[in-house]
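For what it's worth, the numbering used here labels the leading residue of the sequence shown as 3, then goes sequentially. Each residue gets a CB set at the ideal place from its N, CA and C atoms; glycine is no exception. All remarks here apply to the structure that follows.
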Amino acid sequence: MSDDTLHLQALARHSVAVIRAGQAPSGAYIASPTFSVYRYSWLRDGAFIADAMSRAGEIESAEAFFGWCAGILVDRRERVASLLARRAAGERIATTDFLHTRYELDGRDSASSWENFQLDGYGTWLWALGAHSRRHGRSVEPFAAAAALSVAYIAAFWDHPSYDWWEEHETHVHGSTLAAIHAGLVAADGWSALGSGLRSQARDATRDITALVRADGASRGYLAKWIGSDAVDASLIAAATPFGMFAPDDPLLVATVARIERELVHDGGVHRYARDTYFGGGEWLLLSALLGQHYAATGRVAAARAQLDWVAAQATPDGDLPEQSNGHLLAPEQEQAWIERWGTAACPLLWSHAMYLTLALELGLVEGPL
Ligand code: BGC
């Protein structure tokens with residue numbers, strides 16, 4: 003076996019170790035242990051991390067996270083009921099009244115202010131749970147009460163503007179948020195424990211989401227960052243891989259990925275979107291791995307391996323993977339201000355490790371348990 007391969011395998015093992023070390027007894031995964039504003043657990047990051055751990059055969063770790071999500075929802079069942087009642091009554095709901103996206107590791111709402119109204123995580127954890135249950139033949143029953151709350155919540159609010167994956171642009175309805183919600187609802191539609199009324203609500207919503215995104219995409223030939231925008235965002239790759247809302251060879255998806263490759267990919271590193279200024283707008287490891295996962299899913303193995311190599315090359319000497327690389331910045335003049343505000347960019351970021359791990363597993367470079 004070549005040294006390169008051994009190095010990539012060691013990084014996959016280290017990724018599992020970083021993730022394990024970052025899982026609290028509650029089941030929550032910390033986003034980053036060393037970056038103060040990320041010392042919380044996000045539903046979005048956590049769901050992708052749990053998915054990677056499930057793929058790696060870490061059943062207990064993944065289920066501990068799903069259990070943590072379930073606790074979040076069940077503890078807030080009255081709040082969900084009240085939000086649904088207000089929606090049904092046609093009331094305007096303030097952004098701050100919705101469920102949060104980022105929680106304390108013990109599941110409490112965090113008191114510090116944040117762009118908390120994000121809907122995607124309430125779909126993403128359902129998607130990860132569904133994939134886990136199929137992969138390992140595990141029952142979703144222990145999570146059913148929470149799943150029902152999550153389904154009711156996203157089926158009611160999917161068309162409501164909310165912050166996107168990057169916690170920005172709250173006045174819009176975002177393509178990758180819709181893809182995450184869609185994936186969660188498709189998974190839930192297959193669970194008999196949820197009852198036929200809720201499942202048919204989930205099915206109706208998936209149909210309406212697809213119709214909206216298709217019509218919006220058809221107007222310009224590719225999927226956009228938000229409904230009505232004409233910019234792309236690299237998170238849209240997820241609409242095909244892994245969320246499966248579009249087949250990878252769907253012309254809309256092919257055109258979207260082509261545009262992302264043209265505008266947002268620089269020598270393998272993937273930027274979030276063209277106007278990104280966060281920490282100078284670097285290349286995100288998790289997106290570079292996501293593009294690799296998409297290449298792997300479409301049979302472009304060499305291209306997928308090149309993405310894995312690029313991500314691995316961003317590791318620190320200790321093998322930690324940062325959130326982003328500053329090797330190619332879109333807005334270099336903005337980097338310093340962020341460093342002064344929050345310190346150097348997050349490292350290790352568990353979500354980066356998770357996406358690397360998923361790609362290494364997909365490419366067959368490693369097999370779980372590691
Ligand atoms: C990213 C989010 C992520 C969070 C924690 C933010 O900067 O935009 O997508 O959930 O960091 O990793």
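For His273, the uninterrupted beta strand (DSSP E) segment begins and ends at 271–273.
Between Ala315 and Leu287, the alpha-carbon positions lie close to 10 Å from each other.
Taking every protein chain shown into account, the CB of Gly284 has 16 or more other CB atoms within 10 angstroms, so this residue is buried.
With fewer than 16 other Cβ atoms inside 10 Å of its own Cβ, Gln338 counts as exposed. Of the other Cβ atoms in all chains shown, 16 or more fall within 10 Å of the Cβ of Leu359; this residue is therefore buried. Non-local beta-carbon contacts of Ile211 in its own chain, meaning distances under 7 Å to residues more than five positions away in sequence, involve Trp160, Leu180, Ile183, His184 in chain order. Close CB contacts of Val188 within its chain, under the 7 Å cut and outside five residues either way in sequence, are with Thr208 (chain order). In terms of Cα proximity to Phe245, the closest of Gly132, Val272, Arg94 is Gly132. Taken atom to atom, the span from the alpha-carbon of Ala241 to that of Leu107 is near 29 Å. Each of Gly219, Ala158, Glu335, Leu332 was checked against the Cα of Ile229, and the nearest Cα belongs to Gly219.
At least one heavy atom of the ligand BGC falls within 7 Å of the beta-carbon of Asp47. Remark: fewer than three beta-carbon pairs, one from each stretch, lie closer than 8 Å, so the region 246–257 and the region 270–284 are not flagged as touching. Collapsing the DSSP output to three states places Trp44 in a strand. For Gln309, the enclosing alpha helix (DSSP H) stretches over residues 303–315.
The alpha-carbon separation between Thr7 and Phe119 amounts to approximately 41 Å.
Here the alpha carbons of Leu266 and Leu85 stand approximately 38 Å from one another.
Counting only the Cα atoms, Arg57 lies some 15 Å from Ala299. The beta carbon of Gly48 lies closer than 6 Å to those of Tyr31, Phe67 in the same chain, with the five residues before and after it left out.
Of the residues assessed, Val303 falls on the exposed side of the cut-off, its CB having fewer than 16 other CB atoms within 10 angstroms. Runs of the beta strand (DSSP E) lying entirely within the region 13–82, each at least 3 residues long, are absent. Judged by DSSP secondary structure, Phe159 falls within the alpha helix (DSSP H) whose first and last residues are 146–159.
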